[in-house]
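Engineer:
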Amino acid sequence: MKPINVGLLGIGTVGGGTWDVLARNQEEITRRAGRGIVITAVADKDQARARKITGGKARLSADANDVVGDPDIDIVIELIGGYTVAKEFVLKAIANGKHVVTANKALLATHGNEIFAAAQKKGVMVGFEAAVAGGIPIIKALREGLTANRIEWIAGIINGTSNFILTEMRDKGLAFDAVLKEAQRLGYAEADPAFDIEGVDAAHKLTIMSAIAFGVPMQFEKAYTEGIARLTQQDIRYAEELGYRIKLLGITRRTPEGIELRVHPTLIPAKRLIANVEGVMNAVLVKGDAVGATMYYGAGAGAEPTASAVVADLVDITRLHTADPDNRVPHLAFQPDQLAGTRILPMDEVTTSYYLRMRVVDRPGVLADVTRILADLSISIDAMVQKEPGAGEEQVDIIMLTHQTRERQINAAIAKIEALPVVTGKVTRIRLEELN
Ligand code: HSE
C-alpha cells in the first residue's frame, strides 16, 4: 500500500526529532501502522534549516498555506506553537479534510473546544499526545488504558523547567534566579519563561488532562495558577526537615461540589515516588477507582521524547483514518455529546492542607494567640515547629502544618494572624498534599 503523506509545519527541535525518528524507525513503524508514514512536505520560515534536516527528501516552503492546502497531504503536524498562526493553520488543515497532530498545549487548552468541534464536523482526527508531558503516553493512558475507571484525581509534575529549578535549589542551595538562567541556557524553558515558572504551561497541560479524565470541556481560564518564583531556600529546608519536598504540582480532583483545577507549589511527603522525580523529568499520578494509584514517568520535553508522542499519533491516525468517524476514540475520551457541565471550583472552595511559616516575637502567649485564630476557624494543626532564635534575636520562625481545610478558611486565618502585633511581615503559605 502506498505510504500516508504527512506535512510538517515547523521543523525546529521537535520537528527535527520527528523527522529523525520517522526516518530511523521507518521499517518497524510501517510494520506497526500497516503502511509507510512519510513526511513529504515541510513548511518553515528557516529554509536553510529545513533543507539541512530533510536533505532534499521533502518539498519545502516558507508558507504553511502550501502544506495545509496541498491535496496530497493526509496528515498535518503542527509544531509552530503559540495561539494565533497555529490556530489558523490547524483550522485550515481541518477545513481541508486533513487529520492534525499537534504538540501545542497552549492552543488546545485555550481553543481546544473549537478545534475538536471543527474536527468532529469534518470527520477528522486531532492527535495531541505530545501536548502533555512530552514522551509520556499519558493521553493514551487516560483515554484508553484507564477507560474502565471513574478517575478520582490526577497530580502531576508536568513542567520540567520548574522541576529542574526546584531540584537545583534544593540540591545546591542556590537561589531561584540563578537556577532559572541555567534552565534557559539548557533550552528547557518555553519561549516565554514566565509560562514555565508561573505555572501557565503546567496549567495548560492540566486543563487537557482534566477534560479527558472527567469528561468536561477545556476550561483553562478557570484554572488556578501559582508559580515557583516566590519560593525561598528557607521553605525548601523547613519542608525537608518536616519530611516533605516542594514540587510544582498540577492537581485536578473530582469532589461532590465540583472539579478542582489548580497548579501551585506543593509540599508532598519525601517518601512518595513522585517526590523523587528530579530535574527536568515529568511524572503523572492518576487515581482511578478500580485500578488505584498509577504513575507515569519520563521525559516531558526534548526533541526525540516529544517526537515519540508525535509519531505515535501518526501511527494511530494511519491505522484509524479509514474507520467510521463515530467509531474512533473520542478526542476527550467521552463522546462529544456526553461532556458534562460540572463546575470548576474557585480556589476559595478547594480543600487541602497547608504549610504556614510566620515570624513572631518570642514571648509567652504568642503561640496561644495564633492557635486561637486557627481553632476559631475550625482549622486543626497537624504539626508545629518553633525554630531557635538567632543570637541576639527576639523573633523566631514558627512553622505549622494544618489538617485539611478550605482555602477560604486559611485565607481568613492568615489575614487575622498577620494583623497580630506580635507577628512580623507576611505569613508564607504553601499547600500540602499527602497524595495517599
Ligand atoms: N517548557 C516545558 C517544560 C516543555 O519545561 O516542561 C514542553 O512542554
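Per my numbering, residue -4 is the first one in the sequence shown, and the count goes up by one each step. Beta carbons: idealized from backbone N, C-alpha and C, even for Gly.
1) Is there at least one non-hydrogen atom of the ligand HSE closer than 7 Å to the beta-carbon of Thr423?
2) Return the chain-ordered ranges of every alpha helix (DSSP H) run that is complete within the region 151 to 228 and spans a minimum of 4 residues.
3) What does DSSP give as the partner residue(s) for Val258 in the beta ladder?
4) Mapping the DSSP letters down to three states, classify Ala53 as helix, strand or coil.
5) Does the beta carbon of Ala296 fall short of 7 Å from some heavy atom of the ligand HSE?
6) Say the cut is 7 Å; is the CB of Gly155 nearer than that to a heavy atom of the ligand HSE?
7) List the residues that DSSP assigns as beta-bridge partners of Ile(-1).
8) Around the Cβ of Arg248, are there at least 16 other Cβ atoms within 10 angstroms (buried) or fewer (exposed)?
9) Quick one: is the Cβ of Gly107 within less than 7 Å of any heavy atom of the ligand NAD?
10) Nearest-angstrom Cα distance between Ala493 and Gly274?
11) Starting from the N-terminal side, write out each stretch of the beta strand (DSSP E) that is 3 residues or longer and does not extend beyond the region 333 to 367.
12) Throw me the rounded Cβ distance for the Leu369 and Leu262 pair, which I believe falls under 8 Å.
13) Would you check if the distance between the CB atom of Tyr292 and the CB atom of Ala278 is smaller than 8 Å?
14) Measuring only the C-alpha atoms, how far is Glu83 from Val127?
15) Give every residue of the same chain whose Cβ lies closer than 6 Å to the Cβ of Phe329, excluding the five residues on either side of it in the sequence, and list them in chain order.
16) Determine, using beta carbons only, whether Asn158 and Val272 come nearer to each other than 8 Å.
17) Roughly how many angstroms lie between the CA atoms of Ile305 and Asn406, to the nearest whole one?
18) Give every residue of the same chain whose Cβ lies closer than 6 Å to the Cβ of Met120, excluding the five residues on either side of it in the sequence, and list them in chain order.
19) Is it the case that the CB of Asp196 approaches a heavy atom of the ligand HSE more closely than 7 Å?
20) At the level of alpha carbons, what is the spacing between Val63 and Gly2?
21) Arg232 and Leu430: beta carbons closer than 8 Å?
22) Mind checking Pro260: buried by the 16 CB within 10 Å criterion, or exposed?
23) Looking at the structure shown, is Lys382 part of a helix, part of a strand, or coil, going by DSSP?
24) Output yes or no for whether 8 Å exceeds the beta carbon distance between Gly12 and Glu216.
25) Is any heavy atom in the ligand HSE found nearer than 7 Å to the beta carbon of Gly443?
26) Give the single residue among Leu372, Asp308, Arg401 and Thr289 whose Cα lies nearest to the Cα of Gly140.
27) Can you list, in chain order, the residues of its chain whose CB lies under 7 Å from that of Asp357, leaving out five sequence neighbours each side?
28) Between the region 88 to 105 and the region 60 to 75, can you find at least three pairs of beta-carbon atoms closer than 8 Å?
29) Determine the DSSP secondary structure at Asn431, reduced to helix, strand or coil.
30) What does a CB cutoff of less than 6 Å around Arg401 pick up in its chain, not counting 5 residues either side in sequence?
31) Let me check you understand the geometry: is the CB of Asp191 closer than 7 Å to at least one non-hydrogen atom of the ligand HSE?
32) Measure the alpha-carbon distance for Ile339 versus Glu252 and round it to whole angstroms.
33) Three Cβ pairs or more, each shorter than 8 Å: is that satisfied between the region 27 to 37 and the region 45 to 55?
34) Give me the Cβ distance between Ala59 and Leu4, rounded to the nearest whole Å; I'm assuming they're in contact under 8 Å.
35) Inspect the beta-carbon positions of Asp321 and Arg403 and report whether they are closer than 8 Å.
36) Secondary structure at Val422, three-state DSSP: helix, strand or coil?
Structural biologist: Reading off the structure:
1) no
2) 155 to 167, 171 to 181, 188 to 192 and 195 to 209
3) Thr220 and Gly245
4) coil
5) Result yes, Cβ under 7 Å from the ligand HSE.
6) yes
7) Ile32
8) buried
9) Absence of the ligand NAD from the depicted structure is noted, with the ligand HSE being the only ligands included.
10) The question about residue 493 has no answer here: the residues shown for the chain are numbered -4 through 431.
11) 346 to 356
12) Approximately 18 Å separates the beta-carbon atoms of Leu369 and Leu262; this is outside 8 Å, ruling out the contact.
13) yes
14) In this structure, the CA atom of Glu83 is about 21 Å from the CA atom of Val127.
15) Gly210
16) yes
17) The amino acid at residue 305 is misidentified as Ile; the sequence shows Val. Approximately 43 Å between the Cα atoms of the pair.
18) His94 and Ile312
19) yes
20) 8 Å
21) Taking 8 Å as the cut-off, the beta carbon of Arg232 is found no closer than this to the beta carbon of Leu430.
22) Buried.
23) coil
24) no
25) Nothing in the structure corresponds to residue 443, since the chain is present only between -4 and 431.
26) Thr289
27) Pro384, Glu389, Gln390 and Val391
28) With three or more CB-CB distances shorter than 8 Å, the region 60 to 75 counts as touching the region 88 to 105.
29) coil
30) Thr346
31) yes
32) 9 Å
33) Taking 8 Å as the limit for Cβ pairs, the verdict is that the region 45 to 55 does touch the region 27 to 37.
34) 5 Å
35) No. Outside cutoff.
36) Secondary structure of Val422 (DSSP, three-state): strand.
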